[in-house]
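Engineer: Structure incoming, see below.
Shown next, in the form of structure tokens:
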């Protein structure tokens, strides 16, 4: 089964790059940076941390469910 975790937009204005991350869990997050590389790094780190946190919560729920049985 395929599931969309994030939608990402990146825009450039005269002075900088602006990125938006959309997710059902975290809503909308905006990032801004003068360099595209730094913008992508910031967005990637944020996604990785959110997925790690989600994974840890899922593992805790699974462990609790196993203990209840």
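Numbering (the working numbering), first residue to last: 2 to 70. Heads up, the beta-carbon is just placed ideally off N, CA and C, and yes, glycines get one too.
1) Counting only the same chain and skipping the five closest in sequence on each side, list residues whose C-beta sits under 6 Å from that of residue 10.
2) Do you know whose CA, among 32, 3, 37, lies nearest residue 1's CA?
3) Which value, in whole angstroms, describes the spacing of the CA atoms of residue 28 and residue 18?
4) Nearest to residue 13 by CA position, among 5, 40, 26, 4, is which residue?
5) By Cβ distance, which residues of its chain are closer than 8 Å to residue 5, with the 5 residues on each side in sequence left out?
Structural biologist: In terms of the structure at hand:
1) 21
2) Since the first residue of the chain shown is 2 and the last is 70, residue 1 is not available in this structure.
3) Rounded to whole angstroms, the separation of the alpha carbons of residue 18 and residue 28 is 20 Å.
4) 40
5) none
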